[in-house]
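Report on one structure; see the data block that follows.
Residue numbers (the numbering used here): 16 to 340.
Structure (structure tokens):
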């Protein structure tokens, strides 16, 4: 695991993207899963919501792996890696997810492994592209979001502002730390989490394992669902939900105050007249350096920007809708 020299004054407080200085981010809450074998593409095509056959070595794809009821085990970012494929997902969900993913692998020529030897390193913030261009001859961009080097693969994310995820080794990460130690601050994975909340990229941790369909976390809005590919686990539910417009929940970003930072899986309530009604479930939250708390949640889609929310049965918390994705 990468050891970063944190900004000790506020290492657990995240910056909004527009105020983020050049920042190195440890990705301890994310994990890499790798695949090898001649059946890799075929197997994943039958498991994931995205179209694996349309993916090339210079692009990644968001996707979900669902059960037969269309409920998400995990959402992932998948790409080609080391002559095969790999994906990144939340570390908390990885072990349970791998158990599900391997259930049918015995019938295919594929090996699935958790890889904790690599270093996952996020780099974002002020002039990030200009600074990385001093190190890497070519950087990924909106047209070519994945670039491979001998020891490093770089992924480019355009939202909420350009940022990069490096899959590399300890030697490269240590070199980069030393190179930028006078220019960059160093943050833990809460900073990357806040950027994902801001971007509208869903966060599925283990507490929310197999609870939501892909449309409830707006996976279709980030091209994480192919409606033209063949069969995969949960396809019937996912397709019917889309074509009949029956999804009643949506991904939201809330901002507010609370004495305690809420945890994934907690319920949110909305004020209706004089009463509080349960309206949704928290996926993720983080404390910001602005002294606010950001929440990513799945809410009933019949909400208004004027609604006031609180944590379940917590009179000391108050949140408003920042963005309905």
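Even glycine gets a Cβ: it sits at the ideal position worked out from N, Cα and C.
This structure is a prediction, so every number in the text was calculated from the model and none was measured.
With fewer than 16 other Cβ atoms inside 10 Å of its own Cβ, residue 132 counts as exposed. In the DSSP assignment, residue 141 falls outside any alpha helix (DSSP H) and carries neither an H nor an E. Judged by pairs of C-beta atoms under 8 Å, the stretch 90 to 105 touches the stretch 31 to 47, as three or more such pairs exist. Residue environment for residue 290: exposed (fewer than 16 other C-beta atoms within 10 angstroms of its C-beta). Here residue 148 is exposed: its Cβ has fewer than 16 other Cβ atoms, across all protein chains shown, within 10 Å. Under the Cβ criterion (8 Å, minimum of three pairs), the stretch 72 to 92 counts as touching the stretch 221 to 236.
With contacts defined by Cβ atoms closer than 7 Å, residue 322 and residue 285 form a contacting pair.
Around the beta carbon of residue 278, fewer than 16 other beta carbons lie within 10 angstroms, which makes this residue exposed. A straight-line Cα-Cα distance of about 15 Å links residue 145 and residue 173.
With three or more CB-CB distances shorter than 8 Å, the stretch 201 to 215 counts as touching the stretch 29 to 38. Beta-bridge partners of residue 183 (DSSP): 134.
Taking the Cα positions, residue 248 is about 11 Å away from residue 115.
Restricting attention to 58, 232, 80, the CA atom closest to the CA of residue 298 is found in 232.
Annotated as distal: residue 258 and residue 168, with beta-carbon spacing of 7 Å or more. A straight line joining the alpha-carbon of residue 337 with that of residue 269 spans about 5 Å. Within the same chain, and ignoring the five residues on either side of residue 67 in sequence, the residues whose Cβ sits closer than 6 Å to its Cβ are 56, 59, 60. In this structure, the alpha-carbon of residue 156 lies about 45 Å from that of residue 328.
In terms of CA proximity to residue 49, 117 leads the group 34, 179, 117.
Comparing alpha carbon positions, the residue from 30, 74, 31 closest to residue 238 is 74. Every beta strand (DSSP E) of 3 residues or more that sits fully in the stretch 59 to 105 is shown, in chain order, as 75 to 81, 87 to 96, 99 to 105. Excluding sequence positions up to five before and after residue 308, its CB lies within less than 8 Å of the CB of 270, 271, 272, 273, 276, 277, 300, 301, 302, 334, all in the same chain and listed in chain order. Residue 217 is positioned such that its CB atom lies no closer than 7 Å to that of residue 64. If you draw a straight line from the Cα of residue 189 to the Cα of residue 136, it comes to about 11 Å.
Annotated as distal: residue 283 and residue 227, with beta-carbon spacing of 7 Å or more. Residue environment: residue 166 is assigned as exposed (fewer than 16 neighbouring CB atoms within 10 Å of its CB, all protein chains considered).
Per DSSP, residue 230 lies in no alpha helix (DSSP H) and is assigned neither H nor E. Per DSSP, residue 212 is not a residue of any beta strand (DSSP E); the alpha helix (DSSP H) it occupies stretches across 204 to 214.
Cβ contact annotation for residue 207 (same chain, cutoff 7 Å, sequence separation greater than five): 40, 42, 137, in chain order. Of the residues 211, 266, 304, 70, the one whose Cα lies closest to the Cα of residue 294 is 266.
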